[in-house]
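Residue numbers (this note's numbering), protein chains in the order written: chain U, 349 to 606; chain V, 265 to 856; chain H, 797 to 1068. For glycine and all other residues, C-beta sits at the position ideal for the given N, C-alpha and C. All values derive from a computational prediction rather than experimental measurement.
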């Protein structure tokens, strides 16, 4: 009889409607349009803060990384050993992988740079180990390990978390953005427990990571008073108050004790 | 008894919405449930196909599928988290939203008043409400695929801590929360339905319909409703606790010292085993919630098409009561190796093997019903016989798993997958098919195409065995459940051809269901008009028109004079005597 | 039925066809069991009793399977005769009921008793000379630990967990100095009972040794012990049998069963 057909039809419609309704979340992924009337930095007056991060004491020995569960990477590490990057002390007793950034004192809101931060998974290891980025800045994740499945898991207390698998294929890339300032977001691979990295997410572009010479540079800062923080994954944080005038370049230094 | 109800069902509501959408007519609601379950079943079946695809060719690149599933199969390769979501949702949808919904809520609603001689369910409004509660549940469950991180990914059992810690797996984010909410809707709906079933069966039986004259289908549904009412509260409690652990920092299921995402969690004092106890306290009766209706349908359909009374009706009822009762004390057999005390394992071994006795008795009774029968091989009968075969296969493999020591190598392997796909999934799926072919004329007033129906059976039966039986061998060979790529293990790699064979069979099985869908929707509109009693059956629904009007019977309610299994009574001209036929009429029909 | 009414004669082809299908299914599946094309992985431990029990149940259920399915097929063929005037009106037989209820009960009781005996043996107290080993599951690796020369496991504390200190070993504790920690590798001597302490750092895992008939969930917050005797030298796979996250399928380790001397030699090489 008729009533049964209609009941059928209606139930079907409802399910279909349910199916359509779900598509919405995908549409909202348009890039955050924060660039309206973005304030500009006056190049003429911009100041710079540079410096070094020193290390005192004996550096702990960094262990060789074993990659027993991933045959491809295991073979590679047998040829070129990889060492943990937790504490790397350069020859001149400076400390690498320290994230130095402006913690307080910035008056202006600056638009996110278009410049892409590349984050690679190569030989079951993250490159780089520590990196800074601004909220909304593109974070391009690569997987250069062909045939190896990685998983990128960002562990966040804020809204920066993500967690997804990434099969290893030529030219594969996923671009993400971070949503809230957070120092630091831990990135790890759930498939390979030895893989770990840190991303410092800020709402401005004034950050730097110390390299093989232990130096950092915070360029094109508006003159003013700042709190500068240095963060290290093992030795914690240290802060300094710095005042810079127009066109001034100030040199500061941090020291971590082992 | 039923007279109490007669006044308010006298007029069928006239407006479209009241009549077809927010209807309180048990038949409309039953069909709403059925169709919801059927469409959910299509989704759940497709999920299974994807699971099988990946198991046969793990991590293979399928560019086309990459376009269809832009997140889960980004770059064309199935991601492990998507794979896990697929089998999690396949299980959840099938167990709760298809194989509970279709036989219990669908056929239960449709059949109970018709088979006991009532105008409607005891609480028609509650009945409608229960449907409109489960529908959001279905929608929430399905929508979880579009949540960030994908759908729930802790298995249909949602074991904590995987389900309790958001960082544990991508699907443990929003997807798991939606899973819990969807389940709460389902349980609320099922509870309303259960109350309605029990009240209706106890209070609204027509004159003469004593409990000892109830068709076995109604007995099964009655027991199922009781099981649901007693078992589901445990899951409700567990689901709420899980929600609290996830979002409000409680520690029901989380002990101290858990290190997830390179962070030490602040939880302390809980235990993951609590979830398992609570879940399986529901989970095992739930298995019988799926199976009992199938047992009821089979008994009635086999009797009808054997033209034989069901063998040993009182024992059939008692064995169902025993199965229902025992189902509450066997849950621990899912937990032999969970870290639970081995003494408990011993107790649960005993109860588990005891429950095999009434199950075996039922099988023998079905066989005895076939003895000296005059079998008519209709589509519903073929499926009912299929159930007997699947039930035997699945029941026997259960004996391995029920014995704690033999369970050690087989636990959480494909042997278990094979076992429950035969006994729980297979029997109840075939039960739904049998019931659909059998009662379709009553539901829609038209016949389903019998040739297509039989073809559907042959393909399904063969494909079912070739899909699920080889899983026993995989399980014996040690292949674990829920693994994305078995070829990672050297000892499993040689069995990969079996996985390919199973996948191909599964595709045939899936494709065969298209016949059913086509037959169903085609027959709703174009099927041959059905007579009132096309199968010459005895139960009361066949004394109503096809389909029955609002209120089920035009005139007064039928009076019952006998049990429903008077088939081939000697010396009577017809080989069946409907329940409503009085002894006097039988006298008149006696052969001269 | 649609096209009934006319009483046909002879057996229904459909009955025969279904019977043949069921028989064919029984023959094929049983033959595959006999052929043992896919079978329990080679046994390498003292838990052969489990194989025995498996086999006993296989024979009992196998006979029941063949007999009942064959009977079902036979009935379908035999009682599909459409020329028979009428089916039998017969629905009770106390002796039959009692026979199959009692028969099932007796067979199941025997299986229960045999099974329980074995179960109590598997979970009995380990022998005194058993080698203590600890295996800790984490996403998605097995970490094994040996107590070292002092025979005592060092103290661990979850607060000390870090990417560099996977077990949270307390270096202040003298007992922890000589603990040997390995990832995804487990070494055991042949013919000596091994007593495995199973723990988990995060999710549920299940320590599964297919060749040893060993399977035991590891549960965060709990320590579960299992003991067994490896009886065959060689390399065997360790698998995870409980869904623990997206790398569940990759949680594979290796168990090396060495000769007694080989094991002592290996152990000596590990020491600091």
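- The beta carbon of residue 541(U) falls within 8 Å of a beta carbon belonging to chain H, placing the residue at that interface.
- Across the set 429(V), 433(V), 412(V), the C-alpha of 412(V) shows the shortest separation from the C-alpha of residue 507(U).
- Comparing C-alpha distances from residue 589(V) to each of 611(V), 606(V), 622(V), 563(V) shows the shortest one belongs to 622(V).
- Between residue 525(V) and residue 589(U), the alpha-carbon positions lie close to 34 Å from each other.
- According to the DSSP assignment, residue 913(H) belongs to the alpha helix (DSSP H) that extends over 890–918.
- Residue 757(V): not part of any beta strand (DSSP E); DSSP gives it neither H nor E.
- Residue 849(H) holds the alpha-carbon nearest to the alpha-carbon of residue 904(H) among 849(H), 946(H), 862(H).
- Under the three-state reduction of DSSP output, residue 463(V) falls in the helix class.
- Between residue 643(V) and residue 518(V), the gap from beta carbon to beta carbon reaches 8 Å or more.
- Secondary structure in the region 406–477 of chain U: the beta strand (DSSP E) runs of 3 residues or longer, each lying completely within the stretch, are 447–452, 465–470, 473–475 in chain order.
- Relative to residue 385(V), the option among 332(V), 322(V), 459(V) whose CA is nearest is 459(V).
- Contact between residue 673(V) and residue 742(V) holds: their C-beta atoms lie close to 7 Å from each other, under 8 Å.
- The alpha carbon of residue 575(V) has as its nearest neighbour, out of 822(V), 823(V), 845(V), 829(V), the alpha carbon of 829(V).
- Across the region 507–522 of chain U, CB contacts with chain V closer than 7 Å involve 511, 512, 513, 515, 517, 520, in sequence order along the chain.
- Between residue 615(V) and residue 593(V), the alpha-carbon positions lie close to 7 Å from each other.
- In the DSSP assignment, residue 858(H) falls within the unbroken alpha helix (DSSP H) covering 844–874.
- In terms of beta-carbon proximity, residue 1004(H) lines the interface with chain V, with at least one pair separated by less than 8 Å.
- When Cβ-Cβ separations below 8 Å define contact, residue 476(U) makes no contact with chain H.
- For the pair residue 495(V) and residue 561(V), the CB atoms are not nearer than the 8 Å cut-off.
- DSSP places residue 737(V) in the uninterrupted alpha helix (DSSP H) bounded by 734–740.
- Among the CB atoms of chain U, one or more fall inside 8 Å of the CB of residue 525(V).
- Partner residues in a beta bridge of residue 764(V), as assigned by DSSP, do not exist.
- C-alpha of residue 480(V) to C-alpha of residue 573(V): approximately 12 Å in a straight line.
- When DSSP states are grouped into helix, strand and coil, residue 1002(H) belongs to the strand group.
- Residues 374 of the same chain have their beta carbon placed closer than 6 Å to that of residue 291(V), with the five preceding and five following residues left out of the count.
- In summary, the residues of the region 953–972 of chain H whose CB is separated from some CB of chain V by less than 7 Å are 954, 955, 957, 959, in the order they occur in the chain.
- Between residue 985(H) and residue 1054(H), the beta carbon gap of about 6 Å places them in contact (Cβ cut-off 8 Å).
- For the region 537–561 of chain U, the beta-carbon criterion of a distance under 7 Å to any beta-carbon of chain V is satisfied by 544.
- With respect to chain H, the C-beta atom of residue 793(V) has no partner C-beta closer than 8 Å.
- For residue 523(U), the pairing in a beta bridge is given by DSSP as 488(U).
- An exposed status is given to residue 561(U), since fewer than 16 other beta-carbon atoms sit within 10 Å of its beta-carbon.
- Identification of chain H residues near residue 345(V) by a Cβ-Cβ cut-off of 8 Å yields 1042, ordered along the chain.
- Comparing alpha-carbon positions, the option among 472(U), 408(U), 482(U) lying closest to residue 419(U) turns out to be 472(U).
- For residue 534(U), the neighbours in chain V by C-beta distance under 9 Å run, in chain order, 525, 526, 527.
- Take residue 507(V), set aside five residues on each side of it, and the residues of its chain with a beta-carbon closer than 7 Å to its own are 444, in chain order.
- Sequence-distant partners of residue 457(V) (beyond 5 residues in either direction) whose C-beta falls short of 8 Å from its own C-beta, in its chain, are 368, 369, 372, 373, 391, 394, 489, 492.
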